[in-house]
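Chains A and B supply the protein sequences, listed in that same order. Here the working numbering is used: the first residue of the first sequence is 844, the next is one more, and so on. Here the working numbering is used: the first residue of the second sequence is 844, the next is one more, and so on.
Number of protein chains: 2
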Amino acid sequence: MEIAHPYLLFLGDVPDSLAAKTAIGIVDWRKDWCLGQVRLEGCAADTGLPDMGIAEGAAAGARTMIVGAVNAGGRLPEHWIESIVAALNAGMNVASGLHVRLGSIPAIREAAERNGRALHDVRHNSETFETGKGTKRSGKRILTVGTDCSVGKKYTALAMDKALNERGFSSSFCATGQTGVFISGRGLALDAVVADFIAGAAEWLSPATEDTHWQVIEGQGSLYHPSFAGVSLGLLHGSQPDAFIVCHEPTRTTMRGVQTPLPGIQQVIDLTIQCGQLTNPDIQCIGVSVNTAALSEDDAWKYLAKIGEEFGLPATDPVRFGIEAMVDKIVAEYGAP
Amino acid sequence: MEIAHPYLLFLGDVPDSLAAKTAIGIVDWRKDWCLGQVRLEGCAADTGLPDMGIAEGAAAGARTMIVGAVNAGGRLPEHWIESIVAALNAGMNVASGLHVRLGSIPAIREAAERNGRALHDVRHNSETFETGKGTKRSGKRILTVGTDCSVGKKYTALAMDKALNERGFSSSFCATGQTGVFISGRGLALDAVVADFIAGAAEWLSPATEDTHWQVIEGQGSLYHPSFAGVSLGLLHGSQPDAFIVCHEPTRTTMRGVQTPLPGIQQVIDLTIQCGQLTNPDIQCIGVSVNTAALSEDDAWKYLAKIGEEFGLPATDPVRFGIEAMVDKIVAEYGAP
């Protein structure tokens, strides 16, 4: 799925920033693709973009309105439908990460058909995939993996892609989750693919490229997460990474949404190599990315130094301290651009 | 999904037995659920059941007609539609393992609605699952795993379930693939579940039971198969087996449909334990089930003796030599019924 930009971000009337985290993530990484935000009365979230009406956004050149917020329960509130229809009538496509399909709502489907506009439901996909083949493709790949869900895999991949490009590498980001798809304008939510095709979809997402090009692939879940490990393993096999970065949150004790204890970083490195060798015998870990938001700056430095020494790998918090050390590691292992 | 029996098996006009392997598998294991077969002119497959017309099958008491054959390409031939509509008009439900949904064909959908009959598309599912939780459930579970796809995991699970029941255990078979669903009259094709819910669906398939009850769960794929390992891992985590049986075909060198070399039995045992411990710390291997069809009886005995000695586990070909040795192992490890 390819989503046309510039974007107009629709925040509805959500009660807090957390409910607009998709929109905020888009602005963090692709502010230059975003013309403005549409907020209904009572909206308590703010991306910092200029407030616009829908007609104003269309006149400014927005090609897609993104529903970048979710209300409690993930449903589409009745009173948002009017705004979505207005966006379609104004000539924009509409993209959404909600569970409900936009096209399942008659007023929206009819407006899209009448105006010849596209509806993108990023949580769903109609793409047909082959099953994974496991054969080696040209090009180089980095995958972010995790000790858990929601430990910074998307952020780390985006930061790595940006840093590689800034250092003169040819690099691109491969999105595997909904916010990542909006940020890159393409990709798919891998967790919405039918199980038989996880690895095949991952192969499709990171196709053969020139040998000097790096694809930085957004990881999903964790090989140790009892809900989502199947997705993580299919993604690992399909993306056949040369290099991976382990993402970790040091204060967590159980995995997200379940009672299972968090695995150790070494366990994740070992199992990722053991399983990843099936499709890339040369797979190696090139660093540990730590979300230190819960630590003081001093504690964060100490923790990163300890991790770096323990594993003999670059360890950093890309939000606080950048990700240059991992680019250095890429240069050391695979050569300069 | 629950499929009402007795069954009438529809074979269409397929050119060979392989195309009717679903129907033949049902007759192998549930002949007592099958009243007869419906064959169109030119059909070269034969399950050995009495030939019947559709009206005759309905009069004999068939509750579901199963489309137990596939033509080349997996499509539903135009001239089969008439028979399916006739079955619905005669008061039967219709179940199919074809890729196409029965309800997507207007004549079939209308006949089902008109007659108030159910259409079961075993390759699809409309069930909503929770994500996997990974918490321990009561009851005991055996999972069959494999060095590859199509190495006898379904057969081994069915044979084990039958042997356990015959030895006085309380046991049931949990189907995870289409033929298994027809054989047990319930279950689901796990590879058709959306990726996020693989483990959750596996938990749903093998729910908490009495502690003395054994669920024997049909495995899928292989942790080492680059197309399907994600399904295998989600099924392993969700089914949280106490015991597993490794299924193997000794003459194969590469995995089915791909160029990847077949893993060793020890590798499969090790990775299954390593990953399976996440949801069941006591997981252990209780035997190796070998499909020796390609070996002479003498070579088969020698091979099984070698494997049994190498791994210190019961090794058998359940088709040729029965599966009693694994029931003995269950008694030795977990006690008599």
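Backbone N, C-alpha and C define an ideal beta-carbon position, used for all residues, glycine too. If you're wondering where the values come from, they're calculated on a predicted model, not measured in any experiment.
| Asked | Found |
| --- | --- |
| 7 Å Cβ shell around B:Arg-873 - same chain, five flanking residues per side excluded | Ile-1026 |
| Status (buried if at least 16 other CB within 10 Å, exposed otherwise) for A:Pro-1069 | buried |
| Unbroken stretches of the alpha helix (DSSP H), 4 residues or longer, contained in the segment 1076-1100 of chain A | none |
| Simplified DSSP state of B:Tyr-998, which is helix, strand or coil | helix |
| Proximity below 8 Å, CB of B:Trp-923 to CB of B:Ile-985 | no |
| A:Ser-1139, DSSP secondary structure in three states | coil |
| Bridge partners - A:Phe-853, DSSP secondary structure assignment | A:Val-881 and A:Val-910 |
| Cβ of B:Asp-1039 within 8 Å of any chain A Cβ | yes |
| Closer than 8 Å to chain B by CB, A:Lys-874 | no |
| Best match in A:Leu-1066, A:Val-994 and A:Ala-1035 for proximity to A:Glu-970 [C-alpha to C-alpha] | A:Ala-1035 |
| Three-state class that DSSP yields for A:Ser-960 in the structure shown | In the sequence as displayed, the identity of residue 960 of chain A is Arg instead of Ser. Reduced to three states, the DSSP call for A:Arg-960 is coil. |
| Partner residues on chain B for A:Leu-1076, Cβ-Cβ distance less than 7 Å | Ala-1072, Gly-1073 and Leu-1076 |
| Option in A:Glu-1009, A:Gln-1109, A:Tyr-1177 and A:Met-908 with minimal Cα separation from A:Gly-879 | A:Met-908 |
| Listed by chain order, chain B residues near A:Gly-1043 by CB distance under 9 Å | Ser-1070 |
| CA-to-CA distance, B:Leu-1078 to A:Asp-991, given in whole angstroms | 19 Å |
| Below-8 Å beta-carbon distance, B:His-942 vs any chain A residue | no |
| Counterpart residues of A:Lys-983 in DSSP-defined beta bridges | A:Trp-1057 |
| 8 Å Cβ cutoff, B:Thr-1097 in contact with chain A | no |
| Assigned secondary structure, B:Glu-899 (DSSP; H/G/I helix, E/B strand, else coil) | helix |
| Cβ contact (3+ pairs, closer than 8 Å) linking the segment 1043-1056 of chain A and the segment 1014-1030 of chain A | yes |
| Per DSSP, the bridge partner or partners of B:Pro-1104 | B:Thr-1097 |
| For B:Ala-902 and B:Pro-920, the rounded distance between their alpha carbons | 26 Å |
| Short CB-CB distance (under 8 Å) between A:His-922 and chain B | no |
| Inter-stretch contact at 8 Å, needing at least 3 Cβ pairs: the segment 1105-1125 of chain B / the segment 1163-1174 of chain B | no |
| Neighbour flag for A:His-1091 against chain B, beta carbons, 8 Å | no |
| Cβ neighbour criterion (16 or more within 10 Å) applied to B:Gly-1107 | exposed |
| Inter-residue Cα distance where the pair is A:Gly-1011 and A:Pro-1180 | 6 Å |
| CB contact flag (B:Thr-978, B:Lys-997, <8 Å) | no |
| Endpoints, the alpha helix (DSSP H) within which A:Ala-1168 is located | 1167-1177 |
| Endpoints, alpha helix (DSSP H) assigned at B:Gln-1021 | 1021-1027 |
| A:Ser-829 - DSSP class collapsed to helix/strand/coil | Nothing about residue 829 of chain A can be reported from this structure: the residues present for chain A run from 844 to 1180 only. |
| Residues, ordered as in the chain, of the segment 966-1000 of chain A that lie near chain B by beta-carbon distance below 7 Å | Thr-974, Gly-975, Lys-976, Gly-977 and Thr-978 |
| Cross-chain neighbours of B:Ala-1143 in chain A, by beta carbon under 7 Å | The contacting residues do not exist; B:Ala-1143 stays about 29 Å from chain A at best. |
| For B:Asp-894, the three-state DSSP class (helix, strand or coil) | strand |
| Secondary structure of B:Asn-936, DSSP reduced to three states | strand |
| Minimum Cβ-Cβ distance from A:Asp-1034 to chain B less than 8 Å | yes |
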